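Structure first, then comments.
Protein chains: 2
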Amino acid sequence: MHRPDIRPAMPAERISMDVKTVCLGMLTDGPASGYDMKKCFESSFGHFFPAGYGSIYPALAALARSGLVEFEKILQEGKPDRKVYSITEKGREELIRGLSNSDPSHKIRSEFLATLWFAHLMSEEHINTVIDGKLEEIEKFLHVIDQFPDCECDSAQKGALFVAGFGKHMASEFRKYIHNNRDMLTDEDEEQAVLAAVAQ
Amino acid sequence: MHRPDIRPAMPAERISMDVKTVCLGMLTDGPASGYDMKKCFESSFGHFFPAGYGSIYPALAALARSGLVEFEKILQEGKPDRKVYSITEKGREELIRGLSNSDPSHKIRSEFLATLWFAHLMSEEHINTVIDGKLEEIEKFLHVIDQFPDCECDSAQKGALFVAGFGKHMASEFRKYIHNNRDMLTDEDEEQAVLAAVAQ
DNA sequence: ATGCATACTATCAATCCGATATATTAAAGC
DNA sequence: GCTTTAATATATCGGATTGATAGTATGCAT
């Protein structure tokens, strides 16, 4: 009725493994441009932590403002100038802080599963299209990851191998589950099964 | 040099399985309030498609504006009024459209993996904290999903069972991979490797 | 010669996320 | 009895992320 001094929170600068922190981490392998980093996201990092230009460039700008990275403009003939970023000592400290969170998240956002949840509203044909498309995608991914390591951004040896192995394992289990269970979405006797389940 | 009629995109109203579409889907099981839907996200949907109040309420408002849902204000004694939403015929059509995307995404955003990628910059103790924390989380999730189905929002039988089974399978494979491979992050010879790298 | 790929930069609107605010009641703890 | 916590409900706000687009230049293929 008369608000007693509400102030806007000030979230205490949460320790988080965000795009900024990942960029700092990448720079521990040596200087790189935003473009280089995007490629690294595409080839390896992005499989479990995606980021596009719209996140990378603002992240680098913010890091530079806080003095966690420095950059050097390199003029090139023909091509646009490169801004080559390197991590500072302060940046290294901040990276360690970013890694210190004891409960980092692991989130899935799956339009695929959300769609199939409503399989009863879809034609059998379309269900198959969706599933076959996803299987193809997984196949491609497994092919890519099989010839890992192949990217330059890996001082990370141990960690990179662990993460790549994880990706490979989960992708092949993804495939396995779909192979073994896709029938339950398209089986003829679905009507019966459902009725039976309700009946008893 | 003079651009031949570039027009500002008009994104053609992308077909997407977003929060709005999921809310429409939930409403096919009967009318519900935003609060009800949040609970449904927490209990089941959120495991593969998270959404909080900050997404749900704006989504419902937008759906109402477009005439895809209607709502009725229900006055209650003691408690605040409920706004109970129901799907319209137009909304059902839009839902079907939302389900018609042939290539729905399945994305992972894992601070967990991003952190462990840099395991070589972390203490063995902290690596173990992070991993044990995640294992505990998985254990809880498996416990929850074992007593599925238990939520009210499931006309979806087939789809819900498929998705729940998927979650269960992937979670237990997650656990298995960590059990079998966590040693590679904390093995003794890491120190040597790191020292050697620094020394030269 | 025209379009397409590659190499670089960068921005914008739409959306989403996490935290917070407001209000009331009921149960649970001290 | 008093107080804290949980549950029922609504809603908003800043900050971050997404996906698409824009701009500029070279070289390659059709």
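First to last, the sequence lines map onto chains F and U. Be aware that the first sequence starts at 1, since it is given in our numbering, and climbs by one per residue. Be aware that the second sequence starts at 1, since it is given in our numbering, and climbs by one per residue. Quick reminder that beta carbons are idealized off the backbone N, C-alpha and C, glycines included. From a predicted model like this one, the values you see are computed outputs, not experimental measurements.
Asked: Check for me: the alpha helix (DSSP H) holding H143(U) runs from which residue to which?; Found: 124-146
Asked: State the Cα-Cα distance for the pair M170(F) and L75(U), rounded to the nearest angstrom.; Found: 49 Å
Asked: Where does F71(F) sit, in a helix, a strand or coil, going by DSSP?; Found: strand
Asked: Check I178(F) in the structure and name its three-state DSSP category.; Found: helix
Asked: Rounded to the nearest angstrom, what separates T21(U) and K90(F) at their Cα positions?; Found: 45 Å
Asked: Please determine, among L95(U), F148(U), S172(U), the residue with the shortest C-alpha to C-alpha distance to A275(F).; Found: Past the boundaries of the shown model lies residue 275(F); chain F is included only from 1 to 200, so the question cannot be answered.
Asked: Can you tell me where the alpha helix (DSSP H) holding I56(F) begins and where it ends?; Found: 53-65
Asked: So, is G167(U) buried or exposed, given that buried needs 16 or more other C-beta atoms within 10 angstroms?; Found: buried
Asked: Specify whether the segment 54-69 of chain F and the segment 125-139 of chain F touch according to this definition: at least 3 beta carbon pairs, one from each stretch, less than 8 Å apart.; Found: no
Asked: Sort A164(F), H47(F), G30(F) by Cα distance to N181(U) and report the nearest one.; Found: A164(F)
Asked: State the CB to CB distance for the pair I87(U) and L24(U), rounded to an integer number of angstroms; the pair is presumed to be in contact (CB under 8 Å).; Found: 6 Å
Asked: Look up S172(F) in the DSSP assignment and say whether it is helix, strand or coil.; Found: helix
Asked: Mark K158(F) as exposed unless 16 or more other C-beta atoms lie within 10 angstroms of its C-beta, in which case mark it buried.; Found: buried
Asked: For the segment 97-111 of chain U and the segment 101-121 of chain F, state whether three or more C-beta atom pairs, one from each stretch, are separated by less than 8 Å.; Found: yes
Asked: Taking the alpha carbon of I56(F) as the reference point, which residue from P80(F), Y85(F), D81(F), E72(F) has its own alpha carbon closest?; Found: Y85(F)
Asked: According to DSSP, is S86(U) part of a helix, a strand, or is it coil?; Found: strand
Asked: Helix, strand or coil, according to DSSP, for S43(F) in the structure here?; Found: helix
Asked: Identify every run of the beta strand (DSSP E) within the segment 88-113 of chain U, keeping only runs that are complete inside it and at least 3 residues long; order them along the chain.; Found: 106-110
Asked: Taking only beta-carbon atoms, is E111(F) less than 8 Å away from chain U?; Found: yes
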